[in-house]
Structure formats: C-alpha cells, structure tokens
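All remarks here apply to the structure that follows.
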Amino acid sequence: MSESKLDLLQGTLDLMVLQTLAAMGTLHGYGIARRIEQVSGNEVLLNQGTIYASLVRLQQRGWISAEWGTSTNNRKAKFYSITKRGRKQLSQDAAYWQRLSEVMGRVLALPEGSGDK
Amino acid sequence: MSSRLLRLIRRLRSFFRVTEQDRDLDAEMSAHLELAIEENLQRGLSQDEARRQALIHFGGSQQAKENHREARSLPLLETLLQDFRFALRMLRRSPGFALLAIFCLTLGIGANAAVFSWMEGLLFRPYPMVANQERLVALTGSTKADRTGLSWPDFLDLQRNCKLFDAFFVSKITGTTLSIGDRAQVVTGSIVSANYFNTLGIHPILGRAFDPEEDVGRSAHPVTVISYQLWKERFGGDPQIIGKTQRMDGVIHTIIGVAPEGFYGTFVGWAMKFWVPASMEDTFEAGGYKLEDRGERWIESYGRLKAGVTLEQAQQEVSAVAKRLDADYPATNRGHGIQLWPLWQTPFNNAGNLLPTLETMLVVVVFVLLIACANVGNLLLVRSFARRHEITVRVAVGAGRKRLLQQLLIEGLVLSAIGAIGGLLIARWCSHLLVLLLPVRNGNAMHLPGEMDWRVMALSIAVCLLATLLFALVPAIQTSKIDLAGTLRSEMAGVARGRGKSWVRSTLVVVQVSLCFILLVGAGLLLESLQKIRSDSPGFSTDGVLVTAVNLVASGYDAEHAKSFQEELIDRIQALPGVESVAFARQTPLGYGTFSSAPIAVEGYQPAPDEQPSADYNQVGPGYFATVGIPLVSGREFTRSDNETAAPVAIINETLAARYWPGKNPVGERLQAKGKWMQIVGIAKTSKYYSMREQPKPFFYVPRRQDFSISGALTIRTRLRPEIFAAAMSRELKAMDQNLALYEVISLQEQVDRSTSAQKVAVTLTGTLGGLALVLAAIGLYGVMSYTVSQSTRELGLRMALGANSSGLFRLVISRGLVLTISGIFLGAALAVGLTRLLGYLLYKVSPYDLRAFGYAFLVLTLVSLIACFLPAWRATRVDPIVALRYE
Chain U
644 MSESKLDLLQ GTLDLMVLQT LAAMGTLHGY GIARRIEQVS GNEVLLNQGT
694 IYASLVRLQQ RGWISAEWGT STNNRKAKFY SITKRGRKQL SQDAAYWQRL
744 SEVMGRVLAL PEGSGDK
Chain B
39 MSSRLLRLIR RLRSFFRVTE QDRDLDAEMS AHLELAIEEN LQRGLSQDEA
89 RRQALIHFGG SQQAKENHRE ARSLPLLETL LQDFRFALRM LRRSPGFALL
139 AIFCLTLGIG ANAAVFSWME GLLFRPYPMV ANQERLVALT GSTKADRTGL
189 SWPDFLDLQR NCKLFDAFFV SKITGTTLSI GDRAQVVTGS IVSANYFNTL
239 GIHPILGRAF DPEEDVGRSA HPVTVISYQL WKERFGGDPQ IIGKTQRMDG
289 VIHTIIGVAP EGFYGTFVGW AMKFWVPASM EDTFEAGGYK LEDRGERWIE
339 SYGRLKAGVT LEQAQQEVSA VAKRLDADYP ATNRGHGIQL WPLWQTPFNN
389 AGNLLPTLET MLVVVVFVLL IACANVGNLL LVRSFARRHE ITVRVAVGAG
439 RKRLLQQLLI EGLVLSAIGA IGGLLIARWC SHLLVLLLPV RNGNAMHLPG
489 EMDWRVMALS IAVCLLATLL FALVPAIQTS KIDLAGTLRS EMAGVARGRG
539 KSWVRSTLVV VQVSLCFILL VGAGLLLESL QKIRSDSPGF STDGVLVTAV
589 NLVASGYDAE HAKSFQEELI DRIQALPGVE SVAFARQTPL GYGTFSSAPI
639 AVEGYQPAPD EQPSADYNQV GPGYFATVGI PLVSGREFTR SDNETAAPVA
689 IINETLAARY WPGKNPVGER LQAKGKWMQI VGIAKTSKYY SMREQPKPFF
739 YVPRRQDFSI SGALTIRTRL RPEIFAAAMS RELKAMDQNL ALYEVISLQE
789 QVDRSTSAQK VAVTLTGTLG GLALVLAAIG LYGVMSYTVS QSTRELGLRM
839 ALGANSSGLF RLVISRGLVL TISGIFLGAA LAVGLTRLLG YLLYKVSPYD
889 LRAFGYAFLV LTLVSLIACF LPAWRATRVD PIVALRYE
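Protein sequence lines, in the order shown, are assigned to chains U and B. First residue of the first sequence: 644, per the numbering used here; consecutive thereafter. First residue of the second sequence: 39, per the numbering used here; consecutive thereafter.
Next up, the structure:
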C-alpha cells in the first residue's frame with residue numbers, strides 16, 4: 644500500500660501547510676493533516692505527527708499564528724491561521740516551486756541518449 | 039534581521055520552558071487523536087479499530103515530540119550542553135588524566151596571569167585611584183651622557199609654556215623618621231608641587247589638599263597631607279587630626295589633610311606615607327634651598343598629556359621649550375634637554391628597574407604555557423587513542439566531523455576553564471610575591487602589588503581560549519583522519535601504525551624540550567650574571583664593614599649640636615671592643631640615597647663650548663677611606679684638622695684625575711665646586727657609587743666638616759656581626775640622648791646585594807619557572823616514552839624472541855628518548871642563540887652565548903630525560919615474549 648507513496652522533500656511540508664492554511668483559513672493540526680492527505684489523493688507518505696514540527700517552525704518564523712479554541716464538535720484544539728508575512732512567504736515559495744518543477748520537468752523530458760548526437 | 043532576532047528570542051525562551059511546551063504539545067496531540075478517532079468512528083469503524091487507525095496515521099509519537107523539540111529549540115545550544123555534560127563525565131571517569139591536565143594548565147595560565155597582573159599593577163596602571171593614568175608621562179632632564187632631574191625653575195617654565203599637557207606635577211621621593219617609643223620608624227613620603235592632589239583627582243577624606251601658594255617661599259609652609267595608613271596606624275584614626283602637628287626632619291608640620299584609603303602616591307616600589315609641598319624642599323633635601331636655582335636638577339616629575347596627544351608630539355613641544363631655556367640660560371642649561379618617558383619606563387622609580395625583568399618574565403611564562411599546552415595536547419592525544427573505539431563508533435553511527443571537533447574543543451574548554459580559575463587564584467595569591475624577593479629597608483617592605491583588574495582577567499581568559507585551541511586541536515587533527523574501516527576491522531596496535539601516528543607526539547616533545555632548553559639557558563645566564571655581579575669588587579671592601587645611620591635631623595639637632603654629638607659618638611664607638619675604625623659620611627656607596635652633584639671647574643682646563651663639567655661628590659669624615667676600604671693611590675686621607683677653619687681640600691678619584699689631568703699627578707692642583715676652590719690632597723681608586731653596572735664615574739670627596747649636613751651615615755670597620763654591634767651601639771646612643779633611635783645596621787655586602795635585587799628577582803623567577811618547565815617537559819617525555827613502550831609490546835617481544843637481551847632493549851628505549859631530547863636541544867640551542875640577546879640589560883659580564891650556560895642546560899636536560907625514560911625502558915626489559923606475541 645505504501646510502496647508508491649511519495650517521500651516528502653525537505654521543506655515541502657512547510658509549504659503545503661502554508662498553502663492549506665491560506666486556502667482553508669483557520670484549522671487545527673488534525674484538520675491540516677487530513678486536508679493535505681485528501682488533496683494529495685493519498686499519494687503523500689505523511690505521518691500526521693510530523694506536521695507539528697512544521698507548525699512550530701512556521702510559528703517561530705512568524706508565518707502562522709496559533710490559538711487554543713473549540714472545534715465544531717466541541718473539542719478543545721489548537722487552531723492555526725496564516726499571517727500576512729506568511730502569505731508573502733507563501734507567494735515567494737510557491738513561485739520558486741513552480742519554476743523548479745518546470746525546470747525539473749524539462750530536464751526529465753530529455754530523451755535518453757539525446758546527448759550522443 | 040529583526041525577524042531573525044525574534045526567532046532567536048522565541049527559541050531561547052522555549053529552550054528554557056521545555057516542560058511547558060511539552061505539555062502544550064501533549065495536549066495538542068491528544069486532541070489530534072481524539073479528532074481522528076471521532077472521524078473514524080463516524081466512518082463506522084469499531085472503537086478499537088478507530089483508535090488503531092488513528093495511531094497508525096499519527097506515526098511515532100515520541101519521534102514527533104523529538105522533532106517538535108528540535109524544531110522549536112536551539113540545536114547548537116542544546117548540543118553544546120550535551121557535550122559539556124559529556125566532557126564532565128569523561129573527566130570524572132579518568133580523574134588522573136584530568137588532574138594532571140588541570141595541573142599543567144593551572145600552572146601555565148597562573149604564571150601568565152601573575153605576570154600580567156604585575157605588569158598592570160607596576161608598569162601600566164601603577165597608581166591606584168589616579169585618573170587617566172594612560173596619559174601620564176614621566177619627565178627627566180638629559181645631557182649627552184647622562185640623565186638628570188629637572189630644576190624647579192625649568193619645571194615652572196614647562197608649566198607655563200606647554201600647550202599639549204593638562205598639567206605637570208612634581209613628586210620627589212623623600213623620607214623622615216618618626217619616633218614611636220624607642221623605635222625609629224622610617225617612613226617614605228613625597229615632596230610634591232601644590233597642584234599634586236588636584237591634578238591626580240585625589241580628594242582628601244579629611245581636611246584639604248595643598249593651596250597654590252604653598253609652593254612658594256623657603257620652608258614657608260610646614261604643612262603635610264598624611265596617608266590613610268599613617269593616620270590609622272600612628273594616629274589611631276583620630277577624627278580630630280586636622281590641625282594637629284608632627285615633627286618631621288626637625289620642623290613642626292601641621293597636618294592639613296588625610297589622603298583616601300588605597301592611594302599610595304606616585305612612586306613604583308614604595309607606599310607614600312606623607313606629602314609635603316615643594317616649598318619644604320630645604321627641610322627634606324640635602325644641599326640647601328634649590329627652588330630658585332636653575333642648576334639644581336633635583337625634582338622628579340610627571341606630566342599628563344591632553345587627550346589624543348601622542349608622546350612624540352609632546353616630546354617635540356617639551357624639546358622646543360628646553361631649547362629656548364638652553365639659549366636663555368647658557369650658564370645652567372647649556373647642553374641640557376628634557377625627555378619624556380612612558381610611565382612603564384619611568385627611570386627614577388622601580389618601574390624602569392622592573393621593566394626588563396618583567397619583559398623577560400612575559401616571554402618565560404609564554405614558554406611555560408606552551409610547554410603546558412604541549413603536555414595537555416599529548417595527554418589528550420594518548421587518551422584519544424584509548425577512546426579510538428568510542429570515537430570510531432560515533433563516526434560510524436553518523437556523528438559529523440564538526441560535531442566531533444566541537445566535542446573535543448568543549449572537552450578542552452572544560453579543562454582550561456578549570457585551569458584558568460586555578461590560574462587566576464594563583465595569580466591573586468602571587469600578587470604580593472615580588473615584595474618577598476626584595477629586601478626590607480629599615481623595617482619597611484617595598485610596595486609592589488600586582489593588580490587583578492578586568493584587563494588582566496580578560497587577557498588571561500583570552501590566553502586560556504588560545505591555549506584551548508592549541509592543545510585541543512592536536513587530537514582533533516588526529517581524529518579527523520580516523521580511518522573508519524581500518525580501525526573497526528582490527529584493534530591491532532603495533533609498531534607500524536604506532537610510528538605513523540607518533541610523529542605528532544614526538545614533535546610535541548621536541549618542541550617542549552627545545553622551549554625548556556631556552557628557559558634553562560636563560561636561567562643559567564642570569565644566575566651567572568648574579569654570581570658575577572655579587573662577586574665583582576665594587577672598589578671598596580664589603581667584608582667586615584657595617585653601615586647605619588642616626589637621624590639627628592628628626593630629633594631637632596642644629597648643626598653645631600650635631601657636630602659635637604657626632605664627634606663624641608665616633609669616640610664612643612671607636613672605644614667599643616671589636617671596632618677597628620669608624621667614620622661618618624653623608625652617603626654610603628650603593629645605598630639608597632643620592633650623592634650631591636655640582637658643576638665643577640678645573641684649574642688650567644678649558645671646557646669645550648657645549649661641555650659643562652660636573653661630578654658627584656661625597657662629604658666624608660676622617661678615616662673614611664681606611665674604614666670603607668677604598669685604596670688611595672696617591673696623597674693622604676682627610677684628618678680631623680681638615681675642618682671649617684682649615685684650607686678647603688678634596689680627594690678625587692682616578693677617573694676624574696685621568697679626565698682632567700691626563701698623564702699628570704693632580705695632587706696639589708686645584709678644583710672648584712659650588713664656587714669654592716679646593717686643593718687636591720689625594721687620589722682614590724674609582725669605585726662603584728650608585729650601581730654595580732655603572733661605568734667608571736668621575737667623583738670626588740670633600741671633608742665633612744667643610745660641607746656639613748646634619749644627616750649622615752656611619753661606616754664601621756669591625757668583625758662584629760651586625761646585630762651584636764647594633765646592640766652595643768644602641769646602648770651608647772641611649773647614654774648620650776634618650777630620644778635618639780638607631781637605623782638598621784647592615785653589612786656593606788648586604789647593601790651591595792640589595793642594590794642588585796632586581797637581578798635576584800629575575801634569577802629567582804626564571805629559575806623557578808625554568809624548573810617548572812623542566813618538570814613539565816619531563817612529564818611530557820615520560821608520557822610519550824611509556825606510551826610508545828606499551829604500544830610496541832609486540833615489537834619488543836619479537837626482538838626478544840629473536841635473541842635481543844634485556845640490556846639491548848633498555849638501550850633501545852633510552853636511545854629513542856635521547857634522540858627526541860637531543861633533537862629538542864638542538865632546536866632549542868638554535869632558537870636560544872637568537873633569543874638570549876634579549877636579556878641584554880639583565881646580563882652582567884656574561885656573553886649571551888656563554889658556553890657554560892648552554893653546557894649546563896644541555897647536561898641538566900639530558901639527565902632529566904634519562905630519568906624520565908628510565909621507567910619505560912625498564913618496563914621494556916620486562917616484556918615477556920610469549921605474552922607479547924599473543925598480545926593481539
């Protein structure tokens with residue numbers, strides 16, 4: 644079941660968390676993890692626990708903020724939302740990823756053996 | 039930038055609030071699981087299955103916590119703390135190693151800190167409580183040949199004309215005798231210009247400082263400011279002290295102020311007990327009233343530069359003034375310049391004396407520290423071999439090189455931090471050590487405190503960090519070359535690899551030996567100098583001559599009374615059993631005071647235009663030359679008939695004779711000094727007058743009766759021991775005048791020895807530190823040799839199995855040790871040839887390349903290294919070949 648799942652590259656989880664919060668507004672940790680799993684179509688190998696390291700990292704950088712609150716079904720949970728600086732950072736990082744994946748795509752599109760000619 | 043800072047602050051905060059953050063995370067994680075379980079339940083899973091799925095998806099909770107912690111905290115700080123704890127654990131586990139390393143470092147750093155504190159307290163900031171000491175400079179007069187004092191009128195001209203100075207002030211050391219019961223207490227004080235206290239920023243705690251007009255008039259202002267210590271000890275801290283009086287040098291002085299505690303005046307070497315204004319010069323100084331005489335160069339003075347003015351600029355300004363004075367007052371100032379000195383080169387107090395010694399010490403302690411570092415480096419190295427397995431495993435499981443280096447450095451830092459604490463304690467304890475090496479005069483010990491201020495601390499800590507880098511880097515280099523596979527594959531310890539790696543240790547030993555050799559050569563040269571200087575003839579007999587003094591001035595005698603008193607005293611002493619002869623003199627050679635000095639004229643001699651003949655002279659009583667043992671080469675001694683009413687006569691020394699009457703016998707010729715023509719009646723051999731190092735000086739003697747001063751010294755030729763004579767003489771004194779007290783009685787040899795005490799300090803310190811270095815180097819050599827032997831057990835066993843006998847093995851080990859030693863000695867000798875010249879001033883009639891010193895150092899080091907190698911070599915002969923070959 645997990646053989647074909649993607650290992651997360653360093654730093655990608657942070658970006659996913661930022662994007663998720665930007666898109667969904669305020670969410671708790673479990674919500675963020677589920678959301679990422681859903682969006683990725685269960686293709687990402689995510690131990691849900693790892694997202695808390697990412698959350699604290701983003702918090703310390705001032706890109707997201709956190710607050711204890713109550714969930715829709717009345718459970719106490721910590722809710723995260725993206726800050727203004729977080730949005731700025733997100734747009735930068737997203738642009739960077741776009742470029743990188745385009746380049747990677749082009750490089751990987753080179754047919755094998757094409758350098759010989 | 040600010041966001042980085044913010045993050046750092048958050049991280050630091052979370053670093054110290056670990057538990058709170060952990061609790062927070064725990065709560066968050068359990069909320070997460072509950073949310074997950076709830077969702078799973080809603081999807082229709084059973085309670086157990088819902089929980090199981092939630093846990094699986096969450097992953098390792100410990101790992102999550104760990105990641106969280108790492109992300110939120112400072113990894114560097116945390117690993118530093120880890121390494122620190124680990125280092126402490128490692129040290130506790132091998133206490134022998136730790137103690138030895140700390141011992142070496144404590145000595146090394148302690149010696150450095152002690153010398154720093156002396157340099158700070160004696161040379162750079164010698165005057166506690168004085169403001170802006172870094173801008174103080176010392177002033178002296180200078181002629182082509184010599185250094186002189188300044189005259190008071192010249193000093194006033196400097197004050198008026200120099201724009202680059204905040205102020206000038208005078209501080210001329212003097213002394214007086216305070217009688218306390220039947221004991222005379224000699225106290226040191228200063229004649230100062232009236233601006234003294236205000237310029238230094240010292241405010242009396244009681245009463246006032248001097249007023250400007252107190253500089254003026256002959257003995258017109260008998261007022262004094264006393265030191266805190268004198269106030270406490272002699273006056274019992276009397277709060278009503280201001281306005282009370284104290285007789286000093288025969289004059290009743292009014293006490294107008296008490297200096298604050300901790301202010302010792304401005305003379306390196308002595309703590310001042312009282313201060314009197316310049317107008318009282320006549321009372322305290324020999325030679326009459328000098329405040330209006332430009333030719334009397336008696337004062338010692340300082341100036342304080344304005345902020346930002348360099349010594350060179352100030353020197354130019356002062357020289358310009360001196361040049362004007364030269365032109366305006368040719369009679370007194372022809373050929374006289376004025377020179378500025380940085381405080382640490384002050385020539386008229388002990389700073390100038392101690393400077394070469396302390397400079398040498400600085401080099402010596404750096405060497406000792408290097409030797410200590412080499413030792414610790416070696417110890418760490420040996421231990422890093424013992425820990426090879428541990429380190430290899432750590433590298434194998436993925437410890438980065440950086441992390442390993444960091445850990446080694448931290449271990450080193452822990453060692454040197456403990457060493458530094460010990461070292462600073464030693465330095466504190468040593469801060470009054472210098473005084474112990476110097477003679478006590480008239481019951482007064484010198485005042486030479488080291489100063490442990492923040493500069494000394496900072497420098498010591500810097501040295502400590504540097505040392506850490508030096509010795510901790512040695513095993514680090516080695517570690518960074520660890521061959522993982524090789525070490526893990528086999529723990530084989532054998533000759534081949536032993537050799538490959540032992541070069542670092544061998545190099546360290548060679549360096550140690552060479553540094554040690556240089557120190558031993560230095561100590562040897564200084565010791566030889568001391569022996570030479572102490573055995574050299576000063577030109578008078580040091581054997582069987584005593585000197586002492588009776589202070590008549592303090593007891594209020596006038597000249598007439600003093601004359602008759604002294605005559606009677608001479609007769610009484612002469613009558614004592616065991617006394618051969620006795621004579622008065624104003625000064626004794628190599629004593630503490632200064633001789634009178636005057637411009638001279640010689641009948642029939644025309645001085646060159648820029649030449650101003652002058653000479654020092656002494657006023658001596660009948661029989662002085664016989665008593666002190668200065669041979670007369672021609673003519674006669676002074677007698678009792680050379681008195682006030684007789685024709686003025688003089689005895690000159692051979693140097694003076696040779697300079698102005700070359701090739702002639704000047705007996706019967708005439709010499710003029712202080713406006714008085716004297717007939718030369720004798721020629722004395724040139725002796726030493728101020729110091730054993732001086733060049734032959736022109737000098738003359740006049741009869742005491744023809745140039746009388748109340749104060750004077752007694753010289754006694756006797757076989758009696760000083761204390762026996764002192765007891766007898768005290769009885770005679772008491773019989774004549776109950777109020778009189780005797781100064782200390784010492785032999786002339788003692789007086790000569792005291793004059794060379796700087797030499798003795800240098801010898802004692804280099805000798806001690808050289809011995810220390812020797813011990814350290816021996817430990818280093820022993821360590822390396824015994825480690826080599828223990829690591830080459832296999833080789834030794836093989837040799838034995840192949841027929842080598844034990845004496846052969848013994849020789850093998852010894853010769854390996856000797857090769858190291860001899861290489862070190864050769865390296866050291868090459869360096870020493872370049873370095874010993876720096877001893878310059880401290881050497882006396884000893885060449886810096888003196889073969890004996892080099893030879894002794896060679897012998898001592900070779901011998902010590904033989905001893906150090908003996909035990910390892912003996913152990914080598916005890917190797918059992920069977921065991922050795924099975925060893926692996």
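Beta carbons: idealized from backbone N, C-alpha and C, even for Gly.
Neighbourhood of residue i by C-beta distance below 6 Å, restricted to the same chain and skipping five residues each side
| i | result |
| --- | --- |
| B:Ser454 | Leu143, Cys502, Ala505, Thr506 |
| B:Ala88 | Ile75, Asn78, Leu79 |
| B:Cys411 | Ala505, Leu508, Phe509 |
| B:Ser189 | Arg332, Glu334, Arg335 |
| B:Asn388 | Val306, Gly307 |
| B:Thr665 | Ser619, Ala621, Thr753, Arg755 |
Proximity to residue i [Cα-Cα], best of the options
| i | options | result |
| --- | --- | --- |
| B:Gln278 | B:Asp204, B:Gln59, B:Gly594, B:Ile294 | B:Ile294 |
| B:Asn416 | B:Leu43, B:Asp654, B:Ser544, B:Leu194 | B:Ser544 |
| B:Val512 | B:Leu418, B:Gly457, B:Ala496 | B:Leu418 |
| B:Ala906 | B:Ala815, B:Arg849, B:Asp888, B:Leu876 | B:Ala815 |
| B:Ala369 | B:Leu349, B:Pro637, B:Thr683 | B:Pro637 |
| B:Ala65 | U:Ile675, U:Trp711, U:Met667, U:Gln741 | U:Trp711 |
| B:Met490 | B:Arg479, B:Leu472, B:Leu463, B:Ser317 | B:Leu463 |
| B:Ser422 | B:Leu446, B:Val404, B:Ser749, B:Val401 | B:Leu446 |
Contact under 7 Å by Cβ, residue i with residue j
| i | j | result |
| --- | --- | --- |
| B:Arg742 | B:Gln657 | yes |
| B:Val591 | B:Asp287 | yes |
| B:Leu129 | B:Ala136 | yes |
| B:Ala352 | B:Ala151 | no |
| B:Lys311 | B:Val224 | no |
| B:Arg61 | U:Gln703 | no |
| B:Val902 | B:Leu812 | yes |
| B:Pro760 | B:Ser785 | yes |
| B:Leu194 | B:Val359 | no |
Sequence-distant residues of the same chain with beta carbon closer than 7 Å to residue i, five excluded per side
| i | result |
| --- | --- |
| B:Val917 | Thr831, Leu834, Gly835, Met838 |
| B:Phe555 | Gly862, Ile863, Gly866, Ala867, Ala870, Ala895, Leu899 |
| U:Met644 | Only weak support is given to the placement of U:Met644: the predicted model assigns it a pLDDT of 36, under 50, and the value that follows is read from those uncertain coordinates. Result list for U:Met644: empty, nothing under 7 Å. |
| B:Lys798 | Leu475, Leu568 |
| B:Ala800 | Thr395, Thr398, Leu564, Leu880 |
| B:Asp320 | Arg256, Ser257, Gly326, Tyr327 |
| B:Phe154 | Val494, Leu497, Ser498 |
Rounded distance between the beta-carbons of residue j and residue i, thought under 8 Å
| i | j | result |
| --- | --- | --- |
| B:Gln604 | B:Phe622 | 6 Å |
| B:Leu807 | B:Ala139 | B:Leu807 to B:Ala139, Cβ: 19 Å. No contact. |
| B:His485 | B:Trp308 | 5 Å |
| U:Tyr723 | U:Leu698 | 6 Å |
| B:Arg572 | B:Thr802 | About 14 Å; that fails the 8 Å criterion. |
Partner residues on chain B for residue i, Cβ-Cβ distance less than 7 Å
| i | result |
| --- | --- |
| U:Thr693 | Gly97, Ala102, Asn105 |
| U:Tyr673 | His70, Leu73, Ala74 |
heavy atom of the ligand FMN below 6 Å from residue i C-beta
| i | result |
| --- | --- |
| U:Glu686 | Absent from the structure shown: the ligand FMN. Ligands present: none. |
Close beta carbons around residue i, own chain, < 8 Å, minus the five adjacent residues each side
| i | result |
| --- | --- |
| U:Leu743 | none |
| B:Lys282 | Phe273, Asp276, Thr292, Ile293 |
| B:Gly481 | Gln223, Val224, Glu782 |
Neighbouring residues, chain U, relative to residue i (Cβ below 8 Å)
| i | result |
| --- | --- |
| B:Ala309 | Neighbours of B:Ala309 on chain U: none; closest Cβ ~60 Å, over 8 Å. |
| B:Leu79 | Per Cβ cutoff of 8 Å: no residues; B:Leu79 is ~11 Å from chain U at best. |
| B:Glu87 | The premise fails here: B:Glu87 is roughly 16 Å from chain U at the closest Cβ pair, so nothing lies under 8 Å. |
Partners in chain U for residue i, counting only beta-carbon separations shorter than 7 Å
| i | result |
| --- | --- |
| B:Ala109 | Ala696, Val699, Arg700 |
| B:Leu63 | Tyr695 |
| B:Glu2 | No answer is possible for residue 2 of chain B: it lies beyond the span of chain B, which begins at 39 and ends at 926. |
Neighbouring residues, chain B, relative to residue i (Cβ below 8 Å)
| i | result |
| --- | --- |
| U:Arg718 | Ala69, Glu72, Leu73, Glu76 |
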